[in-house]
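> Dropping a structure here in structure tokens format, bear with me for questions.
Number of protein chains: 2
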Amino acid sequence: MAASGERARVPSIRDVARLAGVSHQTVSRVLNDHPSIRPETKKRVQDAIEVLDYRPNLAARALVTSRSRTIGVLSATIGEYGPTSSIASIEDAARAEGYSVTTLNLPETTPEAIGDAIRQLGREQVSGIVALAPQVRVFNVLRGMAAGVPIVSLQDASGADGFTLSADQVAGARAVTEHLISLGHTDIVHLAGPQDWIEAESRMRGYLDAMREADLQTFPPIRGDWTADFGHFAGIELARRPDFTAVFAANDLMAIGLMHGFRDAGIDVPRQVSVVGFDDIPVAAHVWPPLTTVHQDFPALGRRAVEMLLAEIRGESAPEYAPVVPQLRLRSSSASR
Amino acid sequence: MAASGERARVPSIRDVARLAGVSHQTVSRVLNDHPSIRPETKKRVQDAIEVLDYRPNLAARALVTSRSRTIGVLSATIGEYGPTSSIASIEDAARAEGYSVTTLNLPETTPEAIGDAIRQLGREQVSGIVALAPQVRVFNVLRGMAAGVPIVSLQDASGADGFTLSADQVAGARAVTEHLISLGHTDIVHLAGPQDWIEAESRMRGYLDAMREADLQTFPPIRGDWTADFGHFAGIELARRPDFTAVFAANDLMAIGLMHGFRDAGIDVPRQVSVVGFDDIPVAAHVWPPLTTVHQDFPALGRRAVEMLLAEIRGESAPEYAPVVPQLRLRSSSASR
DNA sequence: GACATCTATGTGACCGTGCACATGCGAAGG
DNA sequence: CCTTCGCATGTGCACGGTCACATAGATGTC
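Structure follows, in structure tokens:
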């Protein structure tokens, strides 16, 4: 469409200024909508911008302001459903506010790797960072490091000082455990996430709280790794000690694997054992039996993270949110004893 | 850790030059490893860089070179497993080569939206773009638009001129269809993806090719939307017309929903009907019955996309790859008649 | 020995913005 | 009527790199 040829280089702020008959600084003021500009002048400049199809050079702007209007997403999780959908909504929200998004996956969670990542984002002069750092360790390192750049962490960190944000994992876990108890289960096993993960701890705490409150005895939790394969393995192992009637798996993937393991071992879900999960991944409603689980609104979390970060960047006070409450999704994998 | 305080601004190339006793240009040469630098000089400069903990300012470099050493990922897909894992590996590969990654989701697939996205990435002066544009329409617009910036499309586009790349979807679909045929099925329904999607077409073609070659009659395909919910609906509908003994669903999510629908309708998989999917998502092995499907190596695709893009950026010739061949994963959802 | 060539390095301009400061002008205040 | 102030705008420089060109010494060539 655009008339090609013409080796004209892309127009700069001075080209606009010349065409509009003003100084380059006035153009700059229009761009950053400075208060004292006469409406008439503003109009002339905007017309010139239109005519030349001028676009501000982001690199030049970043150089002089040493801020890039870019948000860095630092992620220490790999390909899981939850984080992934949060990231997508972070991007959308940031773009809507005129920020670019650059993502950085942590290959490993050593303090050095985290430090490198933060420094890298620093070099790119990000305006702020959203961290999806589900491991306690990573979170702590982050806290110490991020000096200078606003940062929001998308994890549940009880009593954290900085800006953190998450769904109320404990409440969700508690709700689903109470659901099992209300069905008459008393011997409930928890298939937990890895030791170091914040969310694993929160979900376990919810389970423990609910059990204690109902005066039920708890089993030592089984430590999983979030994968369906582990769930499968755990199901076969658990089948050997049928001293329980329900399992709360810390995520859906493990829950689904677990049901598979139970089936291989000849245990019927939910007739003999009830199984519940956490996350409500898209297939949860369609596996057999459809999985009772806890739904999390990941997109909402991503959007809020961006709102909080922008508030911090702009020096505003953080918006106060009611916590995102995860919702119980009752399906067929849980039944009364 | 780092001695704070000290309002010293971050060191620039000139600070390094002063400390090393050379000109700033010599420092620049060392950084871009220019050939004619005396080893001794180089050493001095490197030491100075070390001492000052100097890091090149990316914005300044981008300003003068008008290239940002950033790769833009343009994605028109939302939260699906395949694209997501490709994107993660694109990031890793790009970072490993010293490129940053910025991601941009297309909210809609109109030509205008695509144009805006490309222009936005242009403003950010990306060095190249990897497009995950699974719809035919998007792909075509992209082809016309991207003038000026190297671009690689991660989709199967037969006869495309530019640089495109994908797993051989047709071969995968064909293999899984032939598998059903070899089990003795003759009446095989295809639950396809949406009309406009390149991969939907490729998978359907593989199905049609295999059927034609075996001299089998084909049914008009059912158009789905990739979701498990649709699969469920389709299962219930299909149960009313049992003129088939096997279904090839164009992705795992629909296949899993389909099995759910069949179960609701009282049809046993695989005894009465065989079901196969495509993608091999992480739960595919753990649903009941475990799903026969086609495994795609998404991370490998992402890595290759980056390699191709970098080759194009550097003006090298594109590396020649053997196509990524999807692999059949035989499980229990398919059985002989 | 004069000149061309190559190597190693330095000098100054320039990329496109925003910022600090200066300036002209009209309104308000005494 | 003069001073003071706020508004609207202009001037020049700085940001931190790279590029084009200049320069000085070493080496080779006839």
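As they're listed, the protein sequences go chains L and A. Residue numbering for the first sequence follows numbering that gives the first Met the number 0, starting at 0 and increasing by one per position. Residue numbering for the second sequence follows numbering that gives the first Met the number 0, starting at 0 and increasing by one per position. Note that CB positions come from ideal geometry on N, CA and C, so glycine has one too. Since we're looking at a predicted model, the values are computed, not measured.
1. Would you verify that the beta carbon of I255 (chain A) is, or is not, closer than 8 Å to some beta carbon of chain L?
2. Just how far apart, CA to CA, sit F243 (chain L) and V151 (chain A)?
3. Applying the criterion that 16 or more other CB atoms from any shown protein chain within 10 Å of the CB defines a buried residue, is P325 (chain A) buried or exposed?
4. Under a Cβ-count criterion, where at least 16 other Cβ atoms within 10 Å of its own Cβ denotes burial, should A19 (chain A) be classed as buried or exposed?
5. Using the Cα positions of L179 (chain L) and E123 (chain A), report the straight-line distance between them to the nearest angstrom.
6. Helix, strand or coil for H184 (chain L), going by three-state DSSP, please let me know.
7. I need the straight-line Cα distance from R54 (chain L) to L207 (chain L), nearest angstrom please.
8. If we define contact as Cβ-Cβ less than 8 Å, is H285 (chain A) a contact residue for chain L?
9. Hey, how far is the Cα of P34 (chain A) from the Cα of V15 (chain L)?
10. What would DSSP say about Q134 (chain L), mapped onto helix, strand or coil?
11. In the DSSP assignment, what residue or residues form a beta bridge with R222 (chain L)?
12. Kindly indicate if chain L contains any beta-carbon less than 8 Å away from that of E107 (chain A).
13. Would you say Q271 (chain A) faces chain L, with C-beta separation under 8 Å as the test?
14. Since S84 (chain A) and P318 (chain A) should fall inside the 8 Å C-beta cutoff, what is the C-beta to C-beta distance between them, to a whole number of angstroms?
15. Would Q295 (chain A) pass as a contact of A166 (chain A) if the rule is Cβ separation under 8 Å?
16. Who are the neighbours of R122 (chain A) on chain L, taking C-beta pairs under 7 Å?
17. Listing by chain order, which chain L residues have their CB less than 7 Å from the CB of L73 (chain A)?
18. With a threshold of 16 other CB atoms inside 10 Å of the CB of S99 (chain A), please say whether the residue is buried or exposed.
19. What does DSSP give as the partner residue(s) for I150 (chain A) in the beta ladder?
20. Using CA atoms only, rank isn't needed, just tell me which of L:E306, L:N31, L:V140, L:E96 is closest to T64 (chain L).
21. Which value, in whole angstroms, describes the spacing of the CA atoms of T69 (chain L) and T25 (chain L)?
22. Under the assumption that P288 (chain L) contacts V268 (chain L) (Cβ atoms under 8 Å), give the Cβ distance between them as a whole number of angstroms.
23. Spell out whether any CB of chain A is found under 8 Å from the CB atom of R302 (chain L).
24. Less than 8 Å between CB atoms is the rule here; does E236 (chain A) satisfy it with respect to chain L?
25. Tell me the residue span of the beta strand (DSSP E) that contains G71 (chain A).
26. Using 8 Å as the Cβ pair cut-off and three pairs as the minimum, do the region 110-120 of chain L and the region 172-186 of chain L touch?
27. What residues in its chain sit with their C-beta under 7 Å from that of R336 (chain A), if we drop five residues either side in the sequence?
28. Name the residue from L:L51, L:R28, L:T102 whose alpha carbon lies nearest to the alpha carbon of T40 (chain L).
29. Ignore the nearest five residues each way along the sequence and tell me which others in R66 (chain A)'s own chain have a CB closer than 8 Å to its CB.
30. My output table needs one value for V9 (chain A): the three-state DSSP class, helix, strand or coil.
31. Would you kindly check if the distance between the Cβ of V72 (chain L) and the Cβ of V129 (chain L) is under 8 Å?
32. Take A132 (chain L) as the anchor and find which of L:A249, L:V188, L:D186, L:E198 has the nearest alpha-carbon.
33. Less than 7 Å between the CB of L309 (chain A) and some heavy atom of the ligand FAD, yes or no?
34. Which same chain residues, not among the five before or five after F218 (chain A), have their C-beta less than 6 Å away from its C-beta?
35. Quick check: what's the CA-CA separation for S88 (chain A) versus V272 (chain A)?
36. Take V9 (chain A) and list the residues in its own chain whose beta-carbon comes closer than 6 Å to its own, dropping the five residues that flank it on each side.
Straight from the coordinates:
1. Position 256 of the second sequence holds residue 255 (chain A). For I255 (chain A), the answer is yes, since a Cβ of chain L falls inside 8 Å of its Cβ.
2. Numbered from its first residue, the first sequence carries residue 243 (chain L) at position 244. Numbered from its first residue, the second sequence carries residue 151 (chain A) at position 152. In this model, F243 (chain L) and V151 (chain A) are separated by some 54 Å (Cα to Cα).
3. As a position in the second sequence, residue 325 (chain A) is number 326, starting the count at 1. Buried, since its Cβ has 16 or more Cβ neighbours within 10 Å.
4. The residue given as residue 19 (chain A) occupies position 20 in the second sequence. Around the Cβ of A19 (chain A), a 10 Å sphere holds 16 or more other Cβ atoms; the residue is buried.
5. For the purposes of this step, residue 179 (chain L) is taken as residue 180 along the first sequence, with counting starting at 1. For the purposes of this step, residue 123 (chain A) is taken as residue 124 along the second sequence, with counting starting at 1. One C-alpha to the other measures close to 52 Å.
6. For this step, residue 184 (chain L) is matched to residue 185 along the first sequence. Note: H184 (chain L) maps to coil in three-state DSSP.
7. On the first sequence, position 55 is the one that residue 54 (chain L) refers to. On the first sequence, position 208 is the one that residue 207 (chain L) refers to. About 57 Å.
8. Counted from its first residue, the second sequence places residue 285 (chain A) at position 286. It does: the Cβ of H285 (chain A) has a partner Cβ on chain L nearer than 8 Å.
9. As a first step, residue 34 (chain A) must be located in the second sequence, where it is residue number 35. As a first step, residue 15 (chain L) must be located in the first sequence, where it is residue number 16. CA-to-CA, the gap between P34 (chain A) and V15 (chain L) works out to about 41 Å.
10. Position 135 of the first sequence holds residue 134 (chain L). In the structure shown, Q134 (chain L) sits in a strand (DSSP, three-state: E or B).
11. Counting from 1 along the first sequence, the entry for residue 222 (chain L) is found at position 223. Partner residues in the beta bridge of R222 (chain L), as assigned by DSSP, are L:A191.
12. Along the second sequence, one-based indexing puts residue 107 (chain A) at 108. Not an interface residue.
13. On the second sequence, position 272 is the one that residue 271 (chain A) refers to. No, Q271 (chain A) does not count as interfacial toward chain L.
14. The count along the second sequence starts at 1 and reaches residue 84 (chain A) at position 85. The count along the second sequence starts at 1 and reaches residue 318 (chain A) at position 319. No, S84 (chain A) and P318 (chain A) are not in contact; Cβ-Cβ is about 22 Å, not under 8 Å.
15. For this step, residue 295 (chain A) is matched to residue 296 along the second sequence. For this step, residue 166 (chain A) is matched to residue 167 along the second sequence. Judged by their CB atoms, Q295 (chain A) and A166 (chain A) are nearer to each other than the 8 Å cut-off.
16. For the purposes of this step, residue 122 (chain A) is taken as residue 123 along the second sequence, with counting starting at 1. Neighbours of R122 (chain A) on chain L, chain order: R54, L57.
17. Here residue 73 (chain A) refers to the residue found at position 74 when the second sequence is read from its first residue. For L73 (chain A), no chain L residue has a C-beta closer than 7 Å to its own C-beta; the minimum C-beta separation is roughly 12 Å.
18. In the second sequence, counting from the first residue as 1, residue 99 (chain A) sits at position 100. S99 (chain A) should be labelled buried.
19. To locate residue 150 (chain A), count along the second sequence from 1; it is residue 151. According to the DSSP secondary-structure assignment, I150 (chain A) is paired through a beta bridge with A:I128.
20. Taking the first residue of the first sequence as 1, we reach residue 64 (chain L) at position 65. Measuring from the Cα of T64 (chain L), the nearest candidate turns out to be L:N31.
21. Within the first sequence, numbered from 1, the residue matching residue 69 (chain L) stands at position 70. Within the first sequence, numbered from 1, the residue matching residue 25 (chain L) stands at position 26. Whole-angstrom Cα-Cα distance: 25 Å.
22. By 1-based counting over the first sequence, the position of residue 288 (chain L) is 289. By 1-based counting over the first sequence, the position of residue 268 (chain L) is 269. With 8 Å as the limit, P288 (chain L) and V268 (chain L) qualify as a contact, their Cβ atoms being about 6 Å apart.
23. Along the first sequence, read from residue 1 onward, the residue named residue 302 (chain L) stands at position 303. So, not an interface residue.
24. Along the second sequence, one-based indexing puts residue 236 (chain A) at 237. False, the Cβ-Cβ gap to chain L never drops below 8 Å.
25. For this step, residue 71 (chain A) is matched to residue 72 along the second sequence. 69-74 is the extent of the beta strand (DSSP E) around G71 (chain A).
26. When C-beta atoms of the region 110-120 of chain L are compared with those of the region 172-186 of chain L, fewer than three pairs fall below 8 Å, so the two segments do not count as touching.
27. By 1-based counting over the second sequence, the position of residue 336 (chain A) is 337. Apart from the 5 residues on each side of it in sequence, R336 (chain A) sits with its Cβ closer than 7 Å to the Cβ of L182, G183, H184, T244 in its chain, given in chain order.
28. On the first sequence, position 41 is the one that residue 40 (chain L) refers to. Nearest to T40 (chain L) by alpha-carbon distance, out of L:L51, L:R28, L:T102, is L:R28.
29. Position 67 of the second sequence, counted from the start, is the residue given in the question as residue 66 (chain A). Cβ neighbours of R66 (chain A) within its own chain (closer than 8 Å, five residues either side excluded): Q124, S126.
30. Stepping through the second sequence from its first residue, residue 9 (chain A) is reached at position 10. If DSSP states are grouped into helix, strand and coil, V9 (chain A) belongs with coil.
31. Counted from its first residue, the first sequence places residue 129 (chain L) at position 130. Counted from its first residue, the first sequence places residue 72 (chain L) at position 73. Yes, they are a contact pair.
32. Along the first sequence, one-based indexing puts residue 132 (chain L) at 133. Nearest option by C-alpha distance: L:E198.
33. The ligand FAD is absent from the structure shown, which contains no ligand whatsoever.
34. The residue labelled residue 218 (chain A) in the question sits at position 219 within the second sequence. Contacts found: V188.
35. As a working note, residue 88 (chain A) is residue 89 in the second sequence. As a working note, residue 272 (chain A) is residue 273 in the second sequence. So the two alpha carbons sit approximately 37 Å from each other.
36. Mapped onto the second sequence, residue 9 (chain A) falls at position 10. Beyond the five residues adjoining it in sequence on each side, V9 (chain A) comes within less than 6 Å, by CB distance, of no other residue in the same chain.
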